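Be aware that the sequence shown starts at 853, since it is given in the working numbering, and climbs by one per residue. Cβ atoms here follow ideal geometry from the backbone N, Cα and C, with glycine treated the same way. Quick caveat: nothing in here was measured; it's all calculated off a predicted structure.
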Amino acid sequence: MKIKIQIILLIIMTNCQTPKTNNEQRKAIFLTKEEKEFVLMEMRELLKALHYIHVGLSNENYEFAYQSSKKVGMNMVNELKAAEKMILIKLPSEFKKLGFATHNQFDILADSINKKDNKKIQENLSILTSYCVNCHDLYKFEVEHEK
Ligand code: HEC
Numbered sequence: 853m854k855i856k857i858q859i860i861l862l863i864i865m866t867n868c869q870t871p872k873t874n875n876e877q878r879k880a881i882f883l884t885k886e887e888k889e890f891v892l893m894e895m896r897e898l899l900k901a902l903h904y905i906h907v908g909l910s911n912e913n914y915e916f917a918y919q920s921s922k923k924v925g926m927n928m929v930n931e932l933k934a935a936e937k938m939i940l941i942k943l944p945s946e947f948k949k950l951g952f953a954t955h956n957q958f959d960i961l962a963d964s965i966n967k968k969d970n971k972k973i974q975e976n977l978s979i980l981t982s983y984c985v986n987c988h989d990l991y992k993f994e995v996e997h998e999k
């Protein structure tokens, strides 16, 4: 019994340590300080939206969850396009693809929330968060040196 607990503890401890080593392999994307701040602000909006979606769903307030998801869908991309023009040039195409897929997935999720299809909602949420996790494993932002 005691040995079993020790093995479980060892597994938990090693699993907790792996993200640190993984992160070192992330590819750096170089942006100016302002551009980096801008993208990170957008990121925080995504997390906030995800939170509001969960709040809405847990209160069975589908309308609130729907609006929260729509807010960061493809509409957000179109609104920010002008401001992001310079940033978009600097982003690798894989990054952009994942980014657009994420915004698009918020629209798809909004659609299943609108239909109150709980199974589809769960499915679409897990697809959505897989994009967040995948991209975070692949990239990091760094500030480029002033010329
Ligand atoms: C296309 C790539 C990509 C996708 C998709 C993505 N992120 Fe990020 N995110 C990043 C990068 C790169 C950083 C900066 C990480 C670093 O430099 O250490 C970041 C940082 C963040 C941060 C930190 C913000 C801060 O102020 O430091 C939050 C919160 C975040 N992301 C939330 C999300 C959520 C939630 C999703 C999914 C709904 C998501 N991101 C999807 C690339 C992405």
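Give every residue of the same chain whose Cβ lies closer than 8 Å to the Cβ of residue i, excluding the five residues on either side of it in the sequence, and list them in chain order.
| i | result |
| --- | --- |
| I973 | L909, L961, S964 and I965 |
| S921 | A901, I905, F958, D959, L961, A962 and I965 |
| K879 | P944, L990, Y991 and K992 |
| L883 | V891, I939, K942, F993, E994, V995 and E996 |
| T981 | L902 |
In chain order, what residues of the same chain lie with their CB nearer than 6 Å to the CB of residue i, ignoring the 5 residues before and after it?
| i | result |
| --- | --- |
| E912 | none |
| T954 | Y983 |
Within the continuous beta strand (DSSP E) that includes residue i, where are the two ends?
| i | result |
| --- | --- |
| K879 | K879 to L883 |
Given this structure, state the Cα-to-Cα distance separating residue i from residue j, to the nearest angstrom.
| i | j | result |
| --- | --- | --- |
| R896 | N956 | 17 Å |
| P944 | D989 | 15 Å |
| N875 | K888 | Summary for N875: the model assigns pLDDT 46, below 50, so the residue's position carries little reliability; its value from the coordinates is reported in the next sentence. Computed Cα separation, rounded: 18 Å. |
On a CA-only basis, which of the options is nearest residue i? Give me that one, please.
| i | options | result |
| --- | --- | --- |
| N970 | G951, L899 and Y914 | Y914 |
| L899 | Q877, K885 and G925 | G925 |
Quick one: is residue i buried, meaning 16 or more other Cβ sit within 10 Å of its Cβ, or exposed?
| i | result |
| --- | --- |
| A934 | exposed |
| N976 | buried |
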